[in-house]
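What follows is a single structure, written as structure tokens, with notes after it.
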Amino acid sequence: MMVFFKHPYGFLLFQKYHSIIQLIIQKDLTMKLQYLLFACFLFAGSGCDLFESDGFNVDDKGTLKVVFDNVVGDKDLTLNSGSYVNAAGETFNVTTLKYFISNIKLTTEEGKVVVYPQESSYFLLDESDPTSLTLTLTDVPAGNYKSLTYMIGVDSLRNTMDVSKRTGNLDIAGKAKGMYWSWNSGYIFFKMEGASPQAKPAADGTTNYRYHIGQYGGGFGTPPVKTINNLKNSTLTFGTDMLKVRKNKTPQVEVKMDVLKVFTGQYTMKLAENPVIMVNPLGANVSANYIQAYALVSMKNNVP
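Position 185 of the sequence shown, counting from 1, maps to 172 under the numbering used here, and the rest follow consecutively.
The following block contains the structure:
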């Protein structure tokens, strides 16, 4: 009966349907359900939500899973053994693919931005470790969300924090080992390595390539000189199908990252010309490409 009083015109509705309520109280269980359904039908247009299956308590918290799938065009990425061809016609394989996802935000259908706690918002995705490709976000406020935004990389504030503040996926002696330039005091946001017969041979004759993209626009050297800012944000928009976070259900968002777009997008990258890109202006070209490599595949709300 409290449903009447939750409604802004609840008292008037209660008066209007008082006789029906009395019948509900007096009749047996079957008749009670019938009259209750009938009463709800009568003022459905006035906001009856007694049987609202999509309702939620604003104080509830839920869990959201974001699953990343690294692909090469229409093929699944296979480390080491897979052979692929980029837009420049160059054959290549991938032996390493790692990148940071951080600073996750959700936007409600009303436009309110919900920031996922930053301390828990740093993830290192490693193609060689399938478990790392699923991000489990807990204690997300229940609600209907129209978009999800995340950063590819590690923000400048966290880059410059004391090492004691950079733990877990940011531990440069642990999980983040090999994803940090000690000489440049900064994280590698995106790392892709492999080999290509078209790549310019190194001094030892090998034809490997390495894309290590970092830099957050901070100062480097003496005197300090501003670096390129390769931090990028990607936003997934769900359209009319809102992402629905609920207490007892775990929605799942699937995202694909297409390796081919690392080589082409805004710029065409050729391994024959630049097989090694790290701290140089071409890093900005690679980051401008890979931000276009992330795309929404599916969004499922009805996951138990």
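Glycine residues also receive a C-beta, built at the ideal position from the N, C-alpha and C atoms. Given the structure is predicted, the values throughout are model-derived calculations rather than measurements.
- Excluding residues up to 5 positions away in sequence, 92 lie with their Cβ nearer than 6 Å to the Cβ of residue 102 in the same chain.
- At a Cβ-Cβ threshold of 8 Å, residue 257 and residue 77 count as neighbours.
- If you draw a straight line from the Cα of residue 65 to the Cα of residue 42, it is about 42 Å long.
- If you ignore the 5 residues before and after residue 234, its C-beta comes within less than 8 Å of the C-beta of 43, 44, 47, 48, 49, 129, all in its own chain and listed in chain order.
- A distance below 6 Å between beta-carbons, with the five flanking residues on each side excluded, links residue 60 to the following residues of its chain, in chain order: 247.
- A Cβ-Cβ contact shorter than 8 Å links residue 251 with residue 73.
- When the five nearest sequence neighbours on each side are left out, the beta carbons in the same chain lying within less than 6 Å of the beta carbon of residue 109 are those of 89, 156, 157, in order along the chain.
- Secondary structure at residue 128: strand, using DSSP grouped into helix, strand and coil.
- The residue from 266, 253, 111, 285 with its alpha-carbon nearest to that of residue 272 is 253.
- Per DSSP, the continuous alpha helix (DSSP H) segment holding residue 275 begins and ends at 269 to 277.
- When the five nearest sequence neighbours on each side are left out, the beta carbons in the same chain lying within less than 6 Å of the beta carbon of residue 131 are those of 96, 229, 231, in order along the chain.
- Distances from the CA of residue 85 to each of 104, 276, 106, 116 were compared; the closest alpha carbon is that of 116.
- For residue 146, the enclosing alpha helix (DSSP H) covers residues 143 to 146.
- Counted as a single uninterrupted DSSP element, the stretch harbouring residue 93 is not any alpha helix (DSSP H) but the beta strand (DSSP E) occupying residues 83 to 95.
- The alpha helix (DSSP H) runs lying completely inside the segment 194 to 222 and spanning 4 residues or more number zero.
- Residue 124 and residue 192 have their C-alpha atoms some 45 Å from each other.
- Annotated three-state conformation of residue 66 is coil, per DSSP.
- Shown here, residue 266 sits in coil according to DSSP, grouped into three states, outside any helix or strand.
- Residue pairing by DSSP places residue 57 opposite 244 in a beta bridge.
- With 16 or more other Cβ atoms inside 10 Å of its own Cβ, residue 237 counts as buried.
- By the neighbour-count criterion, in which 16 or more other beta carbons inside 10 Å mark a residue as buried, residue 262 falls on the buried side.
- By the neighbour-count definition (other C-beta atoms within 10 Å, threshold 16), residue 274 is a buried residue.
- CA-to-CA, the gap between residue 288 and residue 225 works out to about 11 Å.
- Per DSSP, residue 253 has no beta bridge partner at all.
- For the pair residue 223 and residue 197, the Cα-to-Cα distance works out to about 28 Å.
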